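Engineer: 300 is the number that my numbering gives to position 305 of the sequence shown; each next residue is one higher, with no gaps.
Every residue, glycine too, gets a C-beta built ideally from N, C-alpha and C.
Note that the structure is predicted; figures quoted are calculated from it, not measured.
First the structure, which I've put down as structure tokens, then a few questions once you've had a look.
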Amino acid sequence: MKTDKKIRLGHFGLAVTAVLGTTLACLAAAQSDLPELKQNDPVTDYLNAIDVAESELSAYSVELSDLYLGLGKSHFTNHEYERARQAFQRGMQIERVNYGLNSLSQTPYLMSIAETESYLGNWDKSQEALENLYLINTQAYGENDPRMLPVLDELLDWYLGTYSERPANGGYQNLLISEKLGTRIYNILEQSDDLSDPEVPQLYRKLSHLHYFIADHIRQYGEPAESGFSFNAGTTTNSENTTSRMHYRRGKEALQKVVESLEQQPDVSPVEQANAIAELGDWFLVFGQRMSAYDAYKMAYEFLQEKEQPEQTLESFFAEPKIINFTELSSEHGADENSKDDDKDLEIAVTISEGGVPEDIEVLNPPEDFDKKARKKILKDIRGKRFRPKLVDGQAISSGIIYPYSSNKIQG
-4 MKTDKKIRLG HFGLAVTAVL GTTLACLAAA QSDLPELKQN DPVTDYLNAI DVAESELSAY
56 SVELSDLYLG LGKSHFTNHE YERARQAFQR GMQIERVNYG LNSLSQTPYL MSIAETESYL
116 GNWDKSQEAL ENLYLINTQA YGENDPRMLP VLDELLDWYL GTYSERPANG GYQNLLISEK
176 LGTRIYNILE QSDDLSDPEV PQLYRKLSHL HYFIADHIRQ YGEPAESGFS FNAGTTTNSE
236 NTTSRMHYRR GKEALQKVVE SLEQQPDVSP VEQANAIAEL GDWFLVFGQR MSAYDAYKMA
296 YEFLQEKEQP EQTLESFFAE PKIINFTELS SEHGADENSK DDDKDLEIAV TISEGGVPED
356 IEVLNPPEDF DKKARKKILK DIRGKRFRPK LVDGQAISSG IIYPYSSNKI QG
């Protein structure tokens, strides 16, 4: 079982807890000896509450679906995935009985089922649940309605978030589905043509990350001749046309939209706008377009000058190299591998060239069991990264940094 994977079924935790408490309170009026909640055994608490609800209300009462969702989450937390799936399916069945086969209220159950099936290794079942989720939303809104954006965004997050948990072929399937979801998002954004919407910059930014994912996968593994699957958002991508160059272009266009959209946002700081321009430079750099990257970096620097930003801001914006990470999925932009945390216990001295390439790599505090194999692994990992270089007066220069690194990456 996967015990170290991040659990992503927390969307409804507080709501379910509140519903459980409300349900028990309501049922208490009908039966005075209801079981008391035990903080150390939520599974038992949910099972007792379900028994009471079924006996006092009915086997398909609306209160039961949320209780089954909570029960499934509790089983999931305990790594009891078969039981979790059964609970989620029962809750979804109750939703369908009460609100119809195509009810949007099934959303949390379908997402939870997809997650649980992935833990069981049933990726086709995960895809089936997510396709159902897509279909009930298109039936409610239509494929090109802006109200589809949140569900498309959530589905895109899921497929990109589980990419690394699959082997190369399975990961590529995730990316092909993600590309179709991204195309839907792009078409809706272009159709609505509202760059002033505060959600738009992050959506376009995510689309650029998607195209980096695909281009990087093709770079590492090549492109399979047969994908062997389809997704209801459209036909699969023609392999002859799916090239790194095409994804470079589409990602660049998405980042240009980020810049354009931020220009129309009322409460966006000049630093955030400059960072969007610099991100475009990052994109050029990772695809080997160094002169275009330097032009974008210089443009970002000059933009801050034009906005009469304090000298301290100008100096600090490009004060040291910053890792370029187009696989960051967090909605809070700016979280990157340069952030120091308790996990990153090694210090690596690295020189970052004006082209963003790491050179002269040295481990400053190697552990006692550090050997050639570990050193080789670190060198390979860091050499595969690219950095936004340090700029002085808008010009890229070579500079040294101390790069925090987790020793967990070299174990195993």
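Asn73 to Asp40, Cα distance in whole Å?
Structural biologist: Spanning the two alpha carbons is a distance of roughly 14 Å.
Engineer: Is Glu357 near Ser393, with beta carbons less than 8 Å apart?
Structural biologist: Contact: no.
Engineer: What runs of the alpha helix (DSSP H), each 4 residues or longer, lie entirely inside the segment 136 to 171?
Structural biologist: If we require 4 residues or more, the alpha helix (DSSP H) runs fully inside the segment 136 to 171 come out as 144 to 156.
Engineer: Going by DSSP, what residues sit across from Arg383 in a beta bridge?
Structural biologist: Answer is Lys317, bridged to Arg383.
Engineer: What is the C-beta distance between Gly246 and Tyr207, in whole angstroms, given that I count them as a contact (C-beta under 8 Å)?
Structural biologist: Right, their Cβ atoms sit about 6 Å apart.
Engineer: Could you give the DSSP three-state label for Gln84: helix, strand or coil?
Structural biologist: The answer is helix: DSSP assigns Gln84 an H, G or I state.
Engineer: Where Gly86 and Leu155 are concerned, what is the direct C-alpha to C-alpha distance, given to the nearest angstrom?
Structural biologist: Going from the Cα of Gly86 to the Cα of Leu155 covers about 27 Å.
Engineer: Determine the closest residue to Tyr55 out of Ser69, Ala79, Glu90, with distance taken between C-alpha atoms.
Structural biologist: Of the listed residues, the one whose Cα sits closest to Tyr55 is Glu90.
Engineer: On the criterion of 16 or more Cβ atoms from any shown chain inside 10 Å, does Lys68 qualify as buried, or is it exposed?
Structural biologist: By the 10 Å Cβ count, Lys68 comes out buried.
Engineer: Apart from the five residues on each side of it in sequence, which residues of its chain come closer than 6 Å, Cβ to Cβ, to Ala412?
Structural biologist: Any property of residue 412 remains undetermined from this structure, which presents the chain solely from -4 to 407.
Engineer: Run the CB neighbour count on Met286, radius 10 Å, all protein chains shown included, and call it buried at 16 or more, exposed below.
Structural biologist: Label assigned to Met286: exposed.
Engineer: Is Phe71 near Thr111, with beta carbons less than 8 Å apart?
Structural biologist: Contact: yes.
Engineer: Going by DSSP, what residue range makes up the alpha helix (DSSP H) through Pro196?
Structural biologist: Here the alpha helix (DSSP H) through Pro196 covers 195 to 216.
Engineer: Less than 8 Å between the CB atoms is what I'm expecting for Leu359 and Ile343, so what's the real figure, rounded?
Structural biologist: Confirmed, about 7 Å.
Engineer: Compute the distance between the beta-carbons of Pro362 and Gln260, then report whether it is under 8 Å.
Structural biologist: Result no, Cβ atoms of Pro362 and Gln260 do not sit closer than 8 Å.
Engineer: Which first and last residues belong to the beta strand (DSSP E) in which Ile396 is found?
Structural biologist: Element bounds for Ile396: 394 to 400.
Engineer: Identify whether Val57 lies in helix, strand or coil by the three-state DSSP scheme.
Structural biologist: In this structure, Val57 counts as helix in the three-state DSSP scheme.
Engineer: So what's Pro37 in DSSP terms, helix, strand or just coil?
Structural biologist: Helix.
Engineer: With DSSP run on the structure shown, which of helix, strand or coil describes Thr(-2)?
Structural biologist: Only weak support exists for where Thr(-2) lies, its pLDDT of 44 falling under 50; the value from the coordinates is given anyway. Thr(-2) falls in the coil class under three-state DSSP.
Engineer: Quick check on this structure: which residue in Asn320, Leu170, Leu105 has the alpha carbon closest to the alpha carbon of Leu205?
Structural biologist: The residue with the shortest Cα to Cα distance from Leu205 is Leu170.
Engineer: Counting only the same chain and skipping the five closest in sequence on each side, list residues whose C-beta sits under 7 Å from that of Ala291.
Structural biologist: Correct list, in chain order: Ile272, Ala273, Leu275, Gly276, Phe279.
Engineer: Taking the beta carbon of Pro305 as the centre, do at least 16 other beta carbons fall within 10 Å, making it buried, or is it exposed?
Structural biologist: Answer is exposed; the Cβ neighbour count stays below 16.
Engineer: Between which two residues does the beta strand (DSSP E) holding Glu306 run?
Structural biologist: Per DSSP, Glu306 belongs to no beta strand (DSSP E); it is in the alpha helix (DSSP H), 306 to 312.
Engineer: In terms of residue numbering, what span does the beta strand (DSSP E) encompassing Ile356 cover?
Structural biologist: Segment 353 to 358, the beta strand (DSSP E) holding Ile356.
Engineer: Can you check DSSP and say which residues form a bridge with Glu342?
Structural biologist: Looking at the DSSP assignment, Glu342 forms a beta bridge with Pro399.
Engineer: Between Ala288, Arg244, Glu303, Ser239, which has its C-alpha nearest Pro265's C-alpha?
Structural biologist: That would be Glu303, whose Cα lies nearest to the Cα of Pro265.
Engineer: Take Leu380 as the anchor and find which of Tyr398, Leu386, Ser98 has the nearest alpha-carbon.
Structural biologist: In the sequence as presented, Leu is not what sits at residue 380; that position holds Lys. It is Tyr398.
Engineer: Give me whichever residues DSSP pairs with Ile347 in a beta bridge.
Structural biologist: The partner list for Ile347 (beta bridge, DSSP) reads Pro353, Ser394.
Engineer: Between Arg78 and the rest of its own chain, which residues show a CB-CB distance below 7 Å, the 5 nearest in sequence each way excluded?
Structural biologist: Answer for Arg78: His70, listed in chain order.
Engineer: Need the endpoints of the alpha helix (DSSP H) that Glu301 sits in, please.
Structural biologist: Segment 285 to 301, the alpha helix (DSSP H) holding Glu301.
Engineer: Which residues bound the alpha helix (DSSP H) around Ile377?
Structural biologist: It spans 367 to 378 - the alpha helix (DSSP H) in which Ile377 sits, taken as one unbroken run.
Engineer: Quick one: what does DSSP say Ser264 is sitting in, helix, strand or coil?
Structural biologist: The answer is coil: DSSP assigns Ser264 none of H, G, I, E or B.
Engineer: Under the three-state reduction of DSSP, which class applies to Gln101: helix, strand or coil?
Structural biologist: Residue state, collapsed to three classes: helix.
Engineer: From what residue to what residue does the alpha helix (DSSP H) around Ser191 run?
Structural biologist: No alpha helix (DSSP H) holds Ser191; DSSP gives it neither H nor E.
Engineer: Whole angstroms are fine: how far does the CA of Lys293 sit from the CA of Leu309?
Structural biologist: Going from the Cα of Leu309 to the Cα of Lys293 covers about 12 Å.
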